[in-house]
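Trainee: What follows is a structure written as structure tokens; I'll ask about it next.
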Amino acid sequence: MLPDSNSSFSAEVSEFLLNCFVRSPKWQLWLSLPLSFLFLLAMGANATLLITIWLEKSLHEPMYYLLSLLSLLDMVLCLTVIPKVLAIFWFDLRSISFSACFLQMFIMNNFLPMESCTFLAMAHDRYVAICKPLHYPSIITDQFVAKAIVFILIRNTFLTAPIPITHMAKKKVSPDIPVLLNILHHVIPAALNPIVYGVRTQEIKQGIWKLLRRSW
Numbered sequence: 114m115l116p117d118s119n120s121s122f123s124a125e126v127s128e129f130l131l132n133c134f135v136r137s138p139k140w141q142l143w144l145s146l147p148l149s150f151l152f153l154l155a156m157g158a159n160a161t162l163l164i165t166i167w168l169e170k171s172l173h174e175p176m177y178y179l180l181s182l183l184s185l186l187d188m189v190l191c192l193t194v195i196p197k198v199l200a201i202f203w204f205d206l207r208s209i210s211f212s213a214c215f216l217q218m219f220i221m222n223n224f225l226p227m228e229s230c231t232f233l234a235m236a237h238d239r240y241v242a243i244c245k246p247l248h249y250p251s252i253i254t255d256q257f258v259a260k261a262i263v264f265i266l267i268r269n270t271f272l273t274a275p276i277p278i279t280h281m282a283k284k285k286v287s288p289d290i291p292v293l294l295n296i297l298h299h300v301i302p303a304a305l306n307p308i309v310y311g312v313r314t315q316e317i318k319q320g321i322w323k324l325l326r327r328s329w
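Spelled out as structure tokens, the structure:
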């Protein structure tokens, strides 16, 4: 049955076409090189950190559980965004299904704020370790980590609720700038976090060396 001329036409959206901030194929190719390097660095560094903490029993402590959570969040965020950007740059695969687009937006809006909560829990861990060292084993426990993870999940559930005022700001910059900053925000912290918070830790260094000796 066809709708009459006065009724509004509605159609179900099945996929979208993504437009990257760089339209020139030449610039897309050159930009994909450092982006690929950062992506591989982020995935490799975080995977190494996770494997080291998992295999070394001496690292099975609350602080390193939080580091593992941070690495896991970084890997998920990178896998959510960067492969699709590289697919657009290399193969011009701009189409994305509605469900994949929704999943990508959901992960981005949930997992990015989770990182800030993880940093907050890590800061509290260091505060107790420095200011209350004698009470550290009784305050920072596995139960504390479990409660922190539950708090992170509940907090981000409320943060992703619809808030109308977030869409009221006027656009004063090029629409390409937020896209570029969003991509860089996904890949650069993910590549640097394992180095800043993991490799610089003496226990993590020792664990990585043990892992390398074991593989040799």
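Numbering (this note's numbering), first residue to last: 114 to 329. Cβ atoms here follow ideal geometry from the backbone N, Cα and C, with glycine treated the same way. This one's a predicted model, so the numbers in the text were calculated from it and none came from an experiment.
According to DSSP, ILE209 sits in a beta bridge with which residue or residues?
Mentor: PHE129, per the DSSP bridge assignment.
Trainee: HIS248 by DSSP, collapsed to three states: which one?
Mentor: Residue state, collapsed to three classes: helix.
Trainee: Report the three-state DSSP secondary structure of ILE253 (helix, strand or coil).
Mentor: Residue state, collapsed to three classes: coil.
Trainee: In whole angstroms, what is the alpha-carbon distance linking ILE267 and LYS139?
Mentor: One C-alpha to the other measures close to 44 Å.
Trainee: Distance check for VAL194 and TRP167, CA to CA, integer angstroms please.
Mentor: For TRP167 and VAL194, the distance between alpha carbons rounds to 26 Å.
Trainee: Where do the N-terminal and C-terminal ends of the alpha helix (DSSP H) with GLY311 fall, by residue?
Mentor: Counting along the chain, GLY311 falls outside any alpha helix (DSSP H), and DSSP gives it neither H nor E.
Trainee: Which first and last residues belong to the alpha helix (DSSP H) in which LEU172 is found?
Mentor: No alpha helix (DSSP H) holds LEU172; DSSP gives it neither H nor E.
Trainee: DSSP three-state label for TRP140, please.
Mentor: If DSSP states are grouped into helix, strand and coil, TRP140 belongs with the helices.
Trainee: Would you call the segment 190 to 208 and the segment 292 to 306 touching, i.e. three or more CB-CB distances under 8 Å?
Mentor: The segment 190 to 208 is in contact with the segment 292 to 306.
Trainee: Could you say if the segment 249 to 258 and the segment 166 to 186 meet the contact criterion of at least three C-beta pairs nearer than 8 Å?
Mentor: Segments in contact, yes.
Trainee: Taking only the alpha-carbon atoms, compute the straight-line gap between LEU199 and LEU247 and give it to the nearest angstrom.
Mentor: One C-alpha to the other measures close to 50 Å.
Trainee: To the nearest angstrom, report how far apart VAL126 and LEU206 are at their CA atoms.
Mentor: Their backbone Cα atoms lie some 18 Å apart in a straight line.
Trainee: Please classify TYR310 as buried or exposed, where buried requires at least 16 other C-beta atoms within 10 Å of its C-beta.
Mentor: TYR310 is buried by the Cβ-count criterion.
Trainee: If you check the beta carbons only, do LEU186 and LEU163 fall under 8 Å apart?
Mentor: No, the Cβ-Cβ distance between LEU186 and LEU163 is not below 8 Å.
Trainee: What's the call for ARG326, buried or exposed, on a 16-neighbour Cβ count within 10 Å?
Mentor: It counts as exposed.
Trainee: Between the alpha carbons of GLU316 and SER208, how many angstroms are there, rounded?
Mentor: Each residue's Cα considered, the two are about 45 Å apart.
Trainee: Considering Cα atoms alone, identify which of MET156, GLU128, LEU297, LEU216 is closest to ARG183.
Mentor: Before going on, a small fix: residue 183 reads as Leu here, not Arg. Of the listed residues, the one whose Cα sits closest to LEU183 is MET156.
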